[in-house]
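Asker:
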Amino acid sequence: KDVMFSELPLSAHEEREILSKLDSFNPLLILLNVGGMLPSLSTYSSRCKYNMYRVFSTVTFLSYIPLIVMQMMGIYKYSGNLMLVTVIIFQLAAYFDGMVNMAYFIYNRKRLLNTFYLLENKFTPFMKKVGITEKQTEIIGRNKKFESIISIVAMAAFLADMCTWCVLPSIVRYFAYLREEERVDDDDEIKEHFEYFILTMWLPEKATLFPYYEMLHIFQFLSVWGVVANYAAGKLIAVSLFYHLSNQFRILSTAIEDIDFLCNADPRKNENKLLEMVRLNSTTYNTKLSSTSLNRKDLRERKDSATKFSVTQTQNTGGQVDTSTDKPTTVFATDFVFVPTDEDCGGEITYLTHCIRYHQALLK
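For the sequence shown, the tail end lands on 374 under this note's numbering, and the numbers increase by one without skipping.
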C-alpha cells in the first residue's frame, strides 16, 4: 500500500491523510464522492483509481457546457412558447448552481477537508477542561446519529430525483416504442417528444431514433447526475456544518450549567466557610459580642438574603460569664458582606475562564 500511495501526487497524499482522520463527517462525503467533487478513501489506494476518478470529475464538469449552450439555443428556438422558456430557465439556473458548486468544491477540496477536520478536533482541548464527559459523549453521539440520518435522507432524495428526472423518460420512450407509436414518417420527424428526454432544450433532427436517442440520453443522464449530486451535497454540507457548530454551543452551555456540581462537590465545606464569615462579620456590628453560636440548622433554613439569623450573645463582665443576661441579638443577612477569596472560589474562576476561552474559540 505504501508503494501505491507513494505514486500519488503530494496534494492527494494530504487529502487522504485528512480523510482518514474524519469521523463525524464521514456520512456526508457520500454525495461528494458520487458527484465527482471528492474521491473516497479507497480511491486513493492506487494511482489508477485516482486518475479514473479525475477523468470522471472532468467529464462530468465539461458535460455542463454543451448542454448549457443547447438550452440557450432552446430559449431562442421556442421563444414564442412561454411555458417551454420558463422550464428551460429553471433548468439553466440549476445547471449554473451545480456547475459553480462543483468548481468551488474541487478547487477548494483541501480547504473543505480541513474545515471538517477542524470542526471535529479543534474544540477537543477546550472540551476536556469543562463539563462532564458522559454528557459530552451523549451530545456527540446524537450529532453523529443526526448526520447519518440526514445523509441517508439526502441520498434517498438524490436517487428519487434521478429516477423521476432521468430514468422515467426513457421508460416512457421504450413503452411508446413497444406500442409502435413512433413510426418513422415525414410527419413524425418534425414532432419533438420532450417527454422522452431529461432536459427541455434544442434537439437535433431524428433525436428520438436509435442510436441518437440513446447517445443523447446517456449524455444528459451523466450531466444531470452531477448537477443533482452537487446541489444536494452543497446544501447538506451547509446544514451539517451549522448543526455541528450548534452542538458545540450545546456542550458549552451544558458545561456552564454543571459548574455547581463540578466546583461545589462538598456543600458542607462551603457551609462551614459561610458560618465562619458570619461570625467574623458579626463582631463588626456588635462590639459587646464576645462569643457567638449559630445553629447550622437555622442557616440551612434561612437562605434568602433578607432572612434573619438568631445569634445568642453571652456577656463577659469582670472576668465572669453572666449567663442570666443572655439575649438573642437579631442580625440581618444583608448586614454581612461575604467577600470570597481566591482560595474560596479559585476553582470556579478557573472553570469559568476555560468556558470563556471555549466560547471565544467557537465565535472565531
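Virtual Cβ for every residue (Gly too), placed ideally from N, Cα, C.
Does the stretch 165-174 come within contact of the stretch 233-247, defined as at least 3 CB pairs closer than 8 Å?
Answerer: Judged by Cβ distances under 8 Å, the stretch 165-174 makes contact with the stretch 233-247, as three or more pairs qualify.
Asker: When DSSP labels each residue in this structure, what does LEU362 get in the three-state scheme?
Answerer: Helix, per DSSP.
Asker: For a test of the three-state rule: what should DSSP assign to VAL69, helix, strand or coil?
Answerer: Three-state DSSP puts VAL69 in a helix.
Asker: Are MET109 and ASN240 close, meaning C-beta to C-beta below 9 Å?
Answerer: Contact: yes.
Asker: Would you call the CB atoms of LYS120 and GLU24 closer than 9 Å?
Answerer: It is a contact, given that the beta carbons lie within the stated cut-off.
Asker: For ILE359, is the classification buried or exposed, using 16 other Cβ atoms within 10 angstroms of its Cβ as the cut-off for buried?
Answerer: Classification for ILE359: exposed.
Asker: Within a Cβ cutoff of 7 Å, which residues of the same chain sit near ALA22, ignoring the five residues on either side of it in sequence?
Answerer: Around ALA22: TYR54, TYR60.
Asker: Quick one: measure Cβ to Cβ for SER73 and PHE185, integer angstroms, because I've assumed they're closer than 8 Å.
Answerer: About 27 Å separates the two Cβ atoms, so there is no contact after all.
Asker: Judging by CA-CA distance, which residue of THR264, VAL79, LYS145, SER67 is the nearest neighbour of LEU213?
Answerer: Minimum Cα distance to LEU213 is reached at VAL79.
Asker: CB ALA371 to CB PHE136, shorter than 9 Å?
Answerer: Their beta carbons are under 9 Å apart, which means ALA371 touches PHE136 by this criterion.
Asker: For the ligand ATP, is there any heavy atom lying closer than 8 Å to the beta carbon of TYR253?
Answerer: With respect to the ligand ATP, the structure offers nothing, as it holds no ligand at all.
Asker: Using the Cβ count rule (16 or more neighbours within 10 Å means buried), how would you classify ILE261?
Answerer: Buried is the call here.
Asker: Which term fits LEU77, buried or exposed, when burial requires 16 or more other beta carbons within 10 angstroms of its beta carbon?
Answerer: With 16 or more Cβ atoms within 10 Å of its Cβ, LEU77 is classed as buried.
Asker: From which residue to which residue does the alpha helix (DSSP H) around PRO19 run?
Answerer: First-last for PRO19: undefined, no H or E at that position.
Asker: Closer than 7 Å by C-beta to LEU18: which residues in its own chain qualify, once you throw out the five before and the five after it? Chain order, please.
Answerer: TYR54, ARG57, TYR60.
Asker: Taking ALA248 as the reference, which of LEU39, TYR86, ILE181 has the closest Cα?
Answerer: The shortest C-alpha separation from ALA248 is found at LEU39.
Asker: Span of the alpha helix (DSSP H) holding TRP235?
Answerer: 222-267 is the extent of the alpha helix (DSSP H) around TRP235.
Asker: Leaving out the 5 sequence neighbours to the left and right, which residues in its chain are closer than 8 Å to ASN257 when beta-carbon positions are compared?
Answerer: Around ASN257: ILE149, ILE150, ARG152, ASN153.
Asker: So, do the stretch 41-54 and the stretch 203-218 have three or more beta carbon pairs nearer to each other than 8 Å?
Answerer: Touching, no.
Asker: Report yes if the C-beta distance between GLU130 and LEU41 is below 9 Å; otherwise report no.
Answerer: Not closer than 9 Å, so no.
Asker: SER34 to GLY357, Cα distance in whole Å?
Answerer: Whole-angstrom Cα-Cα distance: 33 Å.
Asker: With a CB to CB cut of under 6 Å and the five nearest residues on each side skipped, what residues in its chain are close to THR363?
Answerer: No residues qualify anywhere along the chain.
Asker: Is ASN296 buried or exposed, if buried means 16 or more other CB atoms sit within 10 Å of its CB?
Answerer: Unreliable positioning characterises ASN296 in this predicted model, as indicated by a pLDDT of 48, which lies under 50. The coordinate reading is nonetheless provided below. So ASN296 counts as exposed.
Asker: Can you tell me where the alpha helix (DSSP H) with PHE136 in it begins and where it stops?
Answerer: Run containing PHE136: 134-139, per the alpha helix (DSSP H) assignment.
Asker: Leaving out five residues on either side along the sequence, give the residues of the same chain with a beta carbon under 6 Å from the beta carbon of SER50.
Answerer: Within the same chain, SER50 has close Cβ partners ASN43.
Asker: How about ILE75 and TYR88: do their beta carbons lie closer than 9 Å?
Answerer: Contact: no.
Asker: In the DSSP assignment, find the alpha helix (DSSP H) that holds ASP171 and state where it starts and stops.
Answerer: 143-172 is the span of the alpha helix (DSSP H), which, as asked, contains ASP171.
Asker: On the premise that LEU251 lies in contact with TYR361, defined as a C-beta separation below 8 Å, what is that separation, rounded to the nearest angstrom?
Answerer: Actually they do not touch by this definition, with Cβ atoms about 29 Å apart.
Asker: Are GLY45 and ALA242 close, meaning C-beta to C-beta below 9 Å?
Answerer: Yes, the Cβ-Cβ distance between GLY45 and ALA242 is below 9 Å.
Asker: The alpha helix (DSSP H) that contains PRO183, what's its start and end?
Answerer: The amino acid at residue 183 is misidentified as Pro; the sequence shows Arg. Per DSSP, ARG183 belongs to the alpha helix (DSSP H) from 178-188.
Asker: Per DSSP, what kind of secondary structure is TYR117 in: helix, strand or coil?
Answerer: Helix at TYR117.
Asker: Taking 9 Å as the cut-off, decide whether the C-beta atoms of GLU157 and HIS254 are in contact.
Answerer: Yes, the pair counts as a contact, with Cβ atoms nearer than the cut-off.
Asker: Distance, Cα to Cα, ILE142 vs THR134?
Answerer: Each residue's alpha carbon lies about 13 Å from the other.
Asker: Verify whether the separation of the beta carbon atoms of ILE269 and CYS365 is less than 9 Å.
Answerer: A contact, by the Cβ cut-off of 9 Å.
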